[in-house]
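As you go down the protein sequences, you meet chains F and X in turn.
With our numbering as the guide, the letters of the first sequence map in order to residues 3 to 353.
With our numbering as the guide, the letters of the second sequence map in order to residues 11 to 402.
The next block holds one structure in the form of structure tokens; read it before the comments.
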Amino acid sequence: MEFAFTEEQAMIAETARAFFAENATSERTRLAMAADGIDRDLWQSFCTELGLAGIGVPEEMGGVGLGMVEFALIAEAAGTQLAALPLLGNARAAHALVAGGTDAQRARWLPALVAGESIATSAWSNDAAAGEGTLSGTFRFAPHGGSADLLVLTAGEKCWLVQAGAPGVTVTAHVTMDQTRPLATITLDNAPAEPFADHTAAFHALHVTGWLCLAAEALGGAQAALDRTVAYSKERVQFGRQIGSFQAYKHRLADMMIEIEQARSAVYWAACAVDEGCDEAQLALHSAKAFCADTFHMCAGNMIQLHGGIGFTWEHDAHLFFKRARSISSMLGDSQWHREQIAGMVLGVAA
Amino acid sequence: MKLGFSAKDEAFRAECAGWLQAQMAGPFADIRGIPNLCDAIPRRKEWEQQLAAHKWSCIGWPAQWGGRDATLAQQVIFAEEYARAGAPNRINHIGVELAGPTILAFGTEEQKARYLPGIAAGTHIWCQGFSEPNAGSDLANVKTKARIEGDEWVVNGQKVWTSLAHYSDMIFVIARSEEGSAGPKGLSFLLMDMDQPGIEVRPIGQMNGEAEFNETFLTDARCAADAMLGARGDGWKVAMALLAFERGVSTLGQQMQFRNELDQVIAAAKVSGKAGDPVIRQRIANAEIGLRLMRYGALRMLSNTDLSAIDGAALTYKIQWATWRRNLGELAMDVLGQEAELAAGDQYVWGALPNVYLFSRSDTIYGGTNQIQRNLIAERGLGLPREPRGQA
Chain F
3 MEFAFTEEQA MIAETARAFF AENATSERTR LAMAADGIDR DLWQSFCTEL
53 GLAGIGVPEE MGGVGLGMVE FALIAEAAGT QLAALPLLGN ARAAHALVAG
103 GTDAQRARWL PALVAGESIA TSAWSNDAAA GEGTLSGTFR FAPHGGSADL
153 LVLTAGEKCW LVQAGAPGVT VTAHVTMDQT RPLATITLDN APAEPFADHT
203 AAFHALHVTG WLCLAAEALG GAQAALDRTV AYSKERVQFG RQIGSFQAYK
253 HRLADMMIEI EQARSAVYWA ACAVDEGCDE AQLALHSAKA FCADTFHMCA
303 GNMIQLHGGI GFTWEHDAHL FFKRARSISS MLGDSQWHRE QIAGMVLGVA
353 A
Chain X
11 MKLGFSAKDE AFRAECAGWL QAQMAGPFAD IRGIPNLCDA IPRRKEWEQQ
61 LAAHKWSCIG WPAQWGGRDA TLAQQVIFAE EYARAGAPNR INHIGVELAG
111 PTILAFGTEE QKARYLPGIA AGTHIWCQGF SEPNAGSDLA NVKTKARIEG
161 DEWVVNGQKV WTSLAHYSDM IFVIARSEEG SAGPKGLSFL LMDMDQPGIE
211 VRPIGQMNGE AEFNETFLTD ARCAADAMLG ARGDGWKVAM ALLAFERGVS
261 TLGQQMQFRN ELDQVIAAAK VSGKAGDPVI RQRIANAEIG LRLMRYGALR
311 MLSNTDLSAI DGAALTYKIQ WATWRRNLGE LAMDVLGQEA ELAAGDQYVW
361 GALPNVYLFS RSDTIYGGTN QIQRNLIAER GLGLPREPRG QA
């Protein structure tokens, strides 16, 4: 038992932090927001120079191995800078393929996903109908769906791979509140679809990776919202004092730190529990997604309030944090839903 | 980063669990699971001595002083198994977890030999003489005075909120030893016998009807000139180090008690049918999440070996658990309903959960109020400007 990062983990964290701080600048993120929400150069260097897209994918399948603790470190660092990347979709697809893909599916897609040559998204439907090697239905809220060439689609607990360019596939990108991760609606009309070899394993991996990715991004985002607000509170002077010297202001920042420290425990508890196959992994994942999303939303809201008028402007980055926090809250189950899953575990299923 | 325990640790778990369970099923069954800190004191003193006889009284201490040099993982395991066996709250918590480590850190060899064996053996129960009527949140405003007379310190003043003073053998006191000093300067850290004419203890009635805290009056109370930790006038440093030990491994034992309390709320919700109420379900889920995060926060804090770095987990821990428990008390009352406002008998005595509801109002006050905690977090954790100070 040692609940601290190993030297290697600390090094990965530092490398990722430095990479995103240098490259995922506000200016570049805003350029990506004006297009499809992906900074292609950033994604290319993330995949090829750093080779970090292959974390969680075994080396024999073309990845770099390692586990969810290392993956969470990367997602946290990306979240700190609100990096405009298809990390969520690509990692979910890659991990689902590792867990439940056929050999042919893995050979076809994993190298492309790890190298950043393919962009993946994932979405679910409640009205899908499967035919002989085909799928029909509407799949909503696919992150970066308008840019994806690989679609990992679920209905019930079944999972399919669909290529975006295939006949019968219509992808409609939406103007989305969080422009760093725009959503799309995917409509399939008897589109060719390949089922996964192991639906249950793929479905499980999609959720584990999705929840952990969002929780870790939220942790990084919340910490950045706090750090930037602290810096501002030391610069800005009113009534002849730094505004960070007012107790009403200090206590609100302290409340952010209290939540963030718990969020950090949640992310690394969940990541570790998944890696070690602990019984409590599912509880940890629900806890992490709910707690981190709530923490990020609270911190991003405070970031706007504590910056005053400048925090409400388009020019300032506060709204980017706020909108990312909102999208994380809604995505892959809101906090109430995750808490209800936990309530079900400790109290039994609701009547 | 690793959550699991090694095979060696699991063997240690089997050893301590076996011993603890046998004790709680056998010779100490009568004090199994008693919640109130002030109940059955003589039996619990015997329990402390039984722990000592089998070298379980202070496992984190060096073997030389009666400990086992236990690793962090072993201390975690012992805390878990201690609570799982239903062993009672340690009445010598202050001696083992606070006084002992402080004496180990600041004491001379002669002082270690004088004080540590009594703590390790469970024969000397300790209490803490820090707070005063005008030195609560503003702890450095201590007015109790100490002066040297011959080869003795003579101490005059009043301490307050002294837990378990009426059962204690020893007290550590911070007192102003330097004439004309103010604030954190000029204080000395003294170790005093409770059994002397100069010390009088008066229990303080609490809002829950119990009296665990006391006022302690010192009137020409005495101790030897060398019954002092650290240098004369430098007691603040020792006191601050002691408070840091408060966040040590003992917090894990406290969490096991919280686990037990939350389990009672969960059981009550199932019985009362509130387990089907969606709002209650959300609140219970939040309590479950909060308790788990407390555990992993504590493990992060205890695994942190870089003591120079600002440890956010340690700095935020107090307000986190205190607020969690206050919320739990409120949740418990909402789950139990109005019935919980009726005492079981004709005395003003409360069952475990209503007592959590009442007692937890003190959790967010003692050991630094939530407001003081936020100042500390903002100033030490975030580097924000310090609160302006008025005239002393």
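Glycine included, C-beta positions come from ideal geometry on N, C-alpha and C.
Which residue from the options puts its Cα closest to that of residue i?
i: N102(X); options: P72(X), E120(X), I135(X), I87(X); result: I135(X)
i: I184(X); options: Y327(X), S147(X), G190(X), V248(X); result: V248(X)
i: R1(F); options: D319(F), I330(F), S337(F); result: As displayed, chain F neither begins before 3 nor continues past 353, which places residue 1(F) out of reach and without an answer.
i: A272(F); options: F73(F), G167(F), A86(F), R183(F); result: F73(F)
i: D236(X); options: I290(X), M202(X), Q206(X); result: M202(X)
i: A354(X); options: D344(X), V345(X), N365(X); result: N365(X)
i: A229(F); options: I262(F), Q249(F), E61(F), Q244(F); result: According to the sequence provided, residue 229(F) is Asp. The question's Ala does not apply to it. The shortest C-alpha separation from D229(F) is found at I262(F).
i: D200(F); options: V171(F), A93(F), V100(F); result: V100(F)
i: I344(F); options: Q249(F), L89(F), A283(F), K252(F); result: A283(F)
i: Q274(X); options: L363(X), S16(X), G146(X); result: L363(X)
i: R302(X); options: L137(F), L287(F), E159(F); result: L287(F)
i: Y177(X); options: G160(X), R186(X), D205(X); result: D205(X)
i: K403(X); options: G160(X), F182(X), I104(X); result: Outside the displayed range of chain X (11 to 402) lies residue 403(X), so it cannot be described from this structure.
i: V259(X); options: Q31(X), Q85(X), W29(X), A62(X); result: Q85(X)
i: F323(F); options: T123(F), M179(F), A37(F), D129(F); result: M179(F)
i: T50(F); options: V210(F), A132(F), P184(F), G118(F); result: G118(F)
i: N46(X); options: W71(X), S147(X), R100(X); result: R100(X)
i: A95(F); options: S124(F), E342(F), M13(F); result: S124(F)
So what does residue i bridge to, in DSSP terms?
i: N166(X); result: K155(X)
i: D244(X); result: L197(X)
i: I188(F); result: F141(F), V173(F)
i: R186(X); result: K155(X), L197(X)
i: M202(X); result: I181(X)
i: T156(F); result: W126(F), C161(F)
i: R341(F); result: Per DSSP, none; premise fails for R341(F).
i: R243(F); result: Q240(F)
i: W136(X); result: M180(X)
i: M238(X); result: L200(X)
i: C8(X); result: This structure cannot settle anything about residue 8(X), because the visible part of chain X is limited to 11 through 402.
i: R212(X); result: E225(X)
i: K18(X); result: Paired residue(s): none; K18(X) is not in a bridge.
i: G67(F); result: I57(F)
Suppose the cutoff is 8 Å on Cβ atoms and the five residues either side in sequence are ignored; what does the same chain contact list for residue i look like?
i: L325(X); result: L386, I387, R390, G391
i: V269(F); result: A74, E78, L214, A217, A218, L221, A290, C294
i: Q165(F); result: D151, L152, L153, V171, P194
i: M266(X); result: A89, E90, Y92, A93, R94
Cutting at 7 Å between CB atoms, please list the residues of its own chain near residue i, excluding the five before and the five after it.
i: D40(X); result: R53
i: R254(F); result: N304, L308
i: D321(X); result: M311, N314
i: L368(X); result: M217, N218, W360
In its own chain, which residues sit with a C-beta less than 6 Å from the C-beta of residue i, not counting the 5 before and 5 after it?
i: I312(F); result: H318
i: A85(F); result: F22, A26
i: W246(X); result: P194, L197
i: A227(F); result: C301, A302, M305, F323
i: G246(F); result: S235, K236
Decide if residue i is buried, meaning its Cβ has at least 16 other Cβ atoms within 10 Å, or exposed.
i: K153(X); result: exposed
i: K328(X); result: buried
i: W387(F); result: There is no way to answer for residue 387(F), as the model of chain F reaches only from 3 to 353.
i: E91(X); result: buried
i: I158(X); result: exposed
i: E222(X); result: buried
i: F241(F); result: exposed
i: F314(F); result: exposed
i: H146(F); result: buried
i: Q33(X); result: buried
i: T485(X); result: Because residue 485(X) is not part of the residues shown, which for chain X are 11 to 402, the question remains open.
i: A107(X); result: What sits at residue 107(X) in the sequence shown is Glu, not Ala. Burial call: buried.
Cβ of residue i versus every heavy atom of the ligand MG: is any distance shorter than 7 Å?
i: P184(F); result: The ligand content of the structure shown is nil, which means the ligand MG is not present either.
Contact list for the stretch 276-288 of chain X against chain F, Cβ threshold 8 Å | Per Cβ criterion, the list reads I276, A279, K280, A285, G286, P288.
Residues in the stretch 384-399 of chain X having any Cβ partner in chain F nearer than 9 Å | So the close ones are R384, N385, L386, I387, A388, E389, G391, L392, G393, L394, P395, R396, E397, P398.
Identify each residue in the stretch 210-233 of chain X for which the Cβ-Cβ distance to at least one residue of chain F is less than 9 Å, and report them in chain order.
-> Contact annotation: in the stretch 210-233 of chain X, no residue has its CB less than 9 Å from a CB in chain F.
Interface positions of the stretch 251-264 of chain X facing chain F (Cβ-Cβ less than 9 Å), listed along the chain = Of all residues in the stretch 251-264 of chain X, none places a beta-carbon less than 9 Å from a beta-carbon of chain F.
Identify each residue in the stretch 267-287 of chain F for which the Cβ-Cβ distance to at least one residue of chain X is less than 9 Å, and report them in chain order.
-> For the stretch 267-287 of chain F, which is checked against every Cβ of chain X, the residues closer than 9 Å are S267, A268, Y270, W271, A273, C274, A275, D277, E278, C280, E282, L285, A286.
What residues in the stretch 177-196 of chain X have a beta carbon less than 7 Å from any beta carbon of chain F?
-> For the stretch 177-196 of chain X, which is checked against every Cβ of chain F, not one residue is closer than 7 Å.
Residues in the stretch 297-310 of chain X having any Cβ partner in chain F nearer than 7 Å = Listed in sequence order: E298, I299, R302, L303, Y306, G307, L309, R310.
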